[in-house]
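Structure record follows, encoded as structure tokens.
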Amino acid sequence: MLNAEQSQILEAESKGKPNSIPRLSWLERFGYGSGDMAYNIVFQFVNAYLLFYYTDVGGIHPAAVATLFLVVRVLDAICDPIMGVILDKTNTRWGKARPYLLWVSLPFAFFTILCFTNPHLGSTGNIIYMYITYILLGMTFSMQTIPVNSLTGRITNNVQERTVLTTTRMILVYVGILLSISCATPLVTAIGGKNQEFGFQMTALVYAAVSIILNLFSFFTVRERIAPKKSKKHGLKVTLSVLFKNKPLLVLVSSFLAFAIGFNIKLSTMVYYFTYNVHQKELVFWGTVLFFGAALISNLFIPLFSDKWGRKSVMIVSATVSLISYIGLQFTSFDSIALILFWLFASGFFTTPLNTLAWGMVADCVDYAEWKTGVRADGVVISLMSFTNKLGVALAGSFSAIYLGIAGYVANAEQTVASLNAIKNMNALVPGIFILLSVLIICFYPLTEKTYNQMILDLEKKSK
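Residue numbering for the sequence shown follows the working numbering, starting at 1 and increasing by one per position.
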């Protein structure tokens with residue numbers, strides 16, 4: 001049964017009007033962003049501090065952590081497409097994706113707390129516990145992020161409205177990341193004092209509670225307007241085939257993977273950089289504030305520039321300029337605090353469009369798949385993007401852990417020149433290389449705004 005709003009949309013489509021979804025209210029835009037904010041408050045906290053927690057608080061060897069990250073991502077390679085298929089088959093009175101904001105909020109929060117809880121089961125027992133809890137958290141990551149990301153294409157099919165919607169969402173995401181990462185160290189210290197173990201556990205509890213509140217707010221404020229059209233049922237093989245016939249999607253996820261690896265290598269080792277290279281751990285707060293604060297400011301300009309020059313052009317130009325900041329940080333001495341903080345601000349500001357616009361463009365790839373193959377598989381397409389994001393985090397974490405181990409890193413000790421250079425490289429040179437790779441790949445993205453609008457017209461003619 002279609003609701004009144006969906007019926008109006010179908011009526012507008014029957015008159016041949018492309019992009020017929022009306023402007024969204026700011027309440028709904030913020031509500032949509034809150035769902036992703038709930039995810040990222042936890043996800044980026046885990047991304048930035050779990051490696052440090054395992055090695056410096058839990059006493060687990062970096063090699064064991066590197067193996068864990070890779071194993072969990074292999075499991076994600078199975079779980080994400082399955083979740084995508086489940087999402088495509090979900091039908092409730094609340095829609096397809098929206099109910100997961102309600103259903104997943106509690107387990108998502110629960111497993112977050114468990115990951116930052118030390119069971120004190122001995123070396124082997126702790127590693128087994130680490131695997132169980134992180135695998136379960138990874139599964140709830142899939143159940144949270146895939147529905148949230150698929151909502152973009154279910155709420156509106158207007159290109160500019162999608163850009164505004166995604167930008168609003170990313171502003172909230174970066175606010176969440178900014179608060180999550182910058183407040184983590186002060187919270188751990190304030191709550192636990194010298195007892196980092198207790199401090200991290202209680203900080204995880206605070207973030208978990210906030211994620212529940214944000215998920216519920218998102219659930220009650222968003223609406224799915226794009227009415228599902230009756231179509232022939234397709235098997236799993238046909239549904240998955242849309243991934244391999246979708247050139248825009250393959251280019252987009254390849255570029256995004258390179259970005260995610262570089263971005264998360266920098267993010268997961270920033271705490272090491274300020275702790276051991278700069279010898280001012282308290283600057284993690286200011287470094288995070290400037291990095292994500294710059295990302296937040298950058299998002300304010302993205303709709304304007306993308307509307308004027310196109311999303312692809314904005315991604316290429318801004319990311320190319322960001323390379324200056326990575327080169328600058330590589331050759332900046334550790335006692336030049338002001339310059340270090342400046343480079344962090346610059347990299348946050350100019351790298352951001354690669355991330356923000358990619359998440360908006362994936363909804364276009366869903367429409368492209370339907371236009372090209374006749375199969376609309378939102379969940380499967382979004383699951384590939386979600387898996388790519390988590391794969392980037394895993395590869396970044398594994399690379400960082402392995403690099404630290406090879407360089408001779410020893411937790412809570414004076415570091416060698418080799419380990420200090422490794423940490424510096426992972427904050428400047430290495431992420432810069434991956435950002436450059438991301439730019440080169442996105443140059444091959446084939447969908448322009450003009451092509452997309454024509455594609456939507458074709459789809460609406462077919463639906464009649």
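Backbone N, C-alpha and C fix where the C-beta goes; we use that ideal spot for every residue, glycine too.
Fair warning: this is a prediction, and the values are worked out from it, not measured in the lab.
In the structure shown, Gly374 falls within a coil segment according to DSSP collapsed to helix, strand and coil. The C-beta distance from Ile226 to Arg154 rounds to 5 Å, short enough to fall under 8 Å.
Rounded to whole angstroms, the separation of the alpha carbons of Met130 and Thr124 is 10 Å. Per DSSP, Thr145 is one residue of the alpha helix (DSSP H) stretching across Gly122 to Ile155.
In the structure shown, the three-state DSSP call for Thr275 is helix. Excluding sequence positions up to five before and after Thr55, its CB lies within less than 6 Å of the CB of Pro62 and Ala411, all in the same chain and listed in chain order. Per the DSSP secondary-structure output, Thr92 pairs in a beta bridge with Gly95. Thr448 counts as exposed, since fewer than 16 other beta carbons sit within 10 angstroms of its beta carbon.
Residue Ile86 holds the alpha-carbon nearest to the alpha-carbon of Pro99 among Phe111, Asn421 and Ile86. Only buried fits Asp36, as 16 or more other CB atoms lie within 10 angstroms of its CB. In terms of Cβ geometry, Ala48 and Leu267 form a close pair [threshold 7 Å].
In this structure, the beta-carbon distance from Thr356 to Asn299 falls below 7 Å. If you look at Leu429, you'll find it in the alpha helix (DSSP H) that goes Leu429 to Ile442.
For Leu24, no alpha helix (DSSP H) segment is defined, and its DSSP state is neither H nor E. Judged by DSSP in its simplified three-state form, Ala411 adopts coil rather than helix or strand. For the 7 Å CB-CB criterion, Ile41 and Tyr174 do not form a contact. The beta carbon of Leu70 is closer than 7 Å to those of Ala394 and Ser398 in its chain, skipping five residues each way along the sequence. Beyond the five residues adjoining it in sequence on each side, Ser254 comes within less than 7 Å, by CB distance, of Ile441 in the same chain, given in chain order. Following the DSSP letters along the chain, one finds Pro303 inside the alpha helix (DSSP H) bounded by residues Leu283 to Trp309.
If you check the CB distance, Pro248 and Pro446 come in under 7 Å. With respect to the 7 Å criterion, Asn215 and Leu101 are classified as neighbours on the basis of their beta carbons.
Remark: three or more beta-carbon pairs, one from each stretch, lie closer than 8 Å, so the stretch 88-96 and the stretch 377-394 are flagged as touching.
Annotation for Arg162: the continuous alpha helix (DSSP H) segment containing it runs Val159 to Gly192. For the pair of segments examined, the stretch 139-159 was found to touch the stretch 73-80: the number of CB pairs separated by less than 8 Å reaches three.
Taking the CA atoms as reference points, Ala418 sits about 8 Å from Tyr409. DSSP, read as helix, strand or coil, puts Lys247 in helix. Boundaries of the alpha helix (DSSP H) harbouring Phe200: Gln196 to Thr221, taken from the DSSP string. Counting C-beta pairs with one atom in each stretch, the stretch 286-304 and the stretch 426-439 have fewer than three that are closer than 8 Å, which means they do not touch. Between the stretch 323-342 and the stretch 413-432, the count of Cβ pairs shorter than 8 Å is three or higher; the stretches touch.
Our two residues, Lys96 and Arg29, have alpha carbons roughly 18 Å apart in a direct line.
Membership of Phe108 in the alpha helix (DSSP H) is indicated by the continuous run Ser105 to Cys115. For Arg73, the secondary structure class from DSSP, reduced to helix, strand or coil, is helix. Gly122 is classed as exposed because its beta carbon has fewer than 16 other beta carbons within 10 Å across all chains shown. Assigned with DSSP and collapsed to three states, Glu449 falls in helix.
Burial is judged here by how many other beta carbons sit within 10 angstroms of a residue's own beta carbon; Lys194 has fewer than 16 and is exposed.
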